[in-house]
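Some notes on the structure that comes next.
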């Protein structure tokens, strides 16, 4: 599948026939200058480690990409690229989940003002969300993705075989983004996810290929219209202002992004209903879909004051006087809602947290 985003073209292969072996053959064919790879991915598959060892490529192993997504590792990577004399027409490859593609994307966008980039996402979350749309970022001051850029990769290769061995809860983080895409698109798309929940849970290869393809197309179409997030692309942040607040407030608990976003969407749906934007039927249907996923929320603490303080510093806010929320006016009808009432939002967070613990 080929599509264009902004002024650059990205190629996305969504094909269950594309095995990990064929992905490695692809690397041999394009001969990138360097491959950045998540250590967990490297060690989880003997084929990857054996083949990469035989290819004459520079390899940079990221020990813990989520922890490494900061200035210290960024400097090490810059120094490494400089030492091996990477030029602007050289290609760097990122193999790993969203944290890996975020970090390496930011490196590629800034080193020598931009070098060629290929992303090979290995998690469901990164395949349907993180690698699509050109967002790159690093964490700063304990705030996720506070510093970043918009930079499209030259190519994206998606292989569903990587998902077959992914940890269940890690896999479900990607399901959160698939549901988000459905909710902001239409009731028909939401119904499609409902109908395929069992196939998603069982990781049916053929079904996953179609589900991933549809989810990518939803995000791709939005990004095509608004690459720099000046308008419609903001709708992709549905559940994320609440979610990032939850994630930042739980930094010591190392919770999963998709789980925080799932709760963030439940919050956004409840807030939409409370503001009389969302009908009771639509609220129940959308909330029940999220609650039907077997997320493990046991590590997540909902501290209203902490969440609110992080929401105030969210980069998506349009001013210092309000918190920008994406709410739903119905299936496929996301709206930007500027909340200026601190007490109302804090009372909501307190009520939601108490109900959530029951």
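In the working numbering, the protein residues as written are 20 to 377.
For each residue, glycine too, the CB sits at the ideal point set by N, CA and C.
It should be emphasised that the depicted structure is a prediction, and the values quoted were computed from it without experimental measurement.
From the DSSP output, in three-state form, read off residue i for me.
i, result
"residue 53", "strand"
"residue 174", "strand"
"residue 105", "coil"
"residue 364", "helix"
"residue 74", "coil"
"residue 356", "strand"
"residue 380", "With the chain covering only 20 through 377, there is no way to say anything about residue 380."
"residue 43", "helix"
"residue 257", "coil"
"residue 373", "helix"
"residue 350", "coil"
"residue 122", "helix"
"residue 316", "coil"
"residue 81", "strand"
Tell me whether residue i is buried or exposed, calling it buried when 16 or more other Cβ atoms sit within 10 Å of its Cβ.
i, result
"residue 186", "exposed"
"residue 382", "Any answer about residue 382 is impossible in this case: the structure gives the chain only from 20 up to 377."
"residue 359", "exposed"
"residue 364", "buried"
"residue 90", "exposed"
"residue 250", "exposed"
"residue 233", "buried"
"residue 247", "exposed"
"residue 307", "exposed"
"residue 125", "buried"
Rounded to a whole number of angstroms, what is the C-alpha to C-alpha distance between residue i and residue j?
i, j, result
"residue 296", "residue 337", "21 Å"
"residue 165", "residue 207", "35 Å"
"residue 28", "residue 235", "Here the model assigns residue 28 a pLDDT of 42, short of 50, so the residue's position is not dependable and the matter cannot be decided."
"residue 309", "residue 258", "12 Å"
"residue 316", "residue 169", "31 Å"
"residue 291", "residue 228", "32 Å"
"residue 333", "residue 75", "43 Å"
"residue 146", "residue 181", "10 Å"
"residue 342", "residue 64", "44 Å"
"residue 421", "residue 144", "The structure shown does not extend to residue 421, since the chain is modelled only from 20 to 377, so the question has no answer here."
"residue 183", "residue 267", "29 Å"
"residue 39", "residue 67", "8 Å"
"residue 42", "residue 163", "30 Å"
"residue 209", "residue 350", "8 Å"
"residue 301", "residue 370", "21 Å"
"residue 31", "residue 116", "Reliability fails at residue 31, whose pLDDT of 44 lies under 50, so the model's placement of it is uncertain and no value is given."
"residue 72", "residue 44", "13 Å"
"residue 263", "residue 156", "14 Å"
"residue 112", "residue 158", "21 Å"
Could you give the residue range of the beta strand (DSSP E) that holds residue i?
i, result
"residue 343", "342 to 347"
"residue 166", "162 to 169"
"residue 237", "Per DSSP, residue 237 belongs to no beta strand (DSSP E); it is in the alpha helix (DSSP H), 224 to 244."
"residue 158", "154 to 159"
"residue 113", "110 to 115"
"residue 136", "135 to 140"
Does the distance from the C-beta atom of residue i to that of residue j stay below 8 Å?
i, j, result
"residue 53", "residue 79", "yes"
"residue 109", "residue 88", "no"
"residue 274", "residue 318", "yes"
"residue 284", "residue 373", "no"
"residue 192", "residue 278", "yes"
"residue 252", "residue 237", "no"
"residue 55", "residue 81", "yes"
"residue 84", "residue 138", "no"
Going by DSSP, what residue range makes up the alpha helix (DSSP H) through residue i?
i, result
"residue 60", "58 to 63"
"residue 309", "299 to 310"
"residue 199", "187 to 202"
"residue 288", "276 to 293"
"residue 326", "323 to 331"
"residue 216", "216 to 221"
"residue 252", "Premise fails: residue 252 is in no alpha helix (DSSP H) and is neither H nor E."
"residue 85", "84 to 87"
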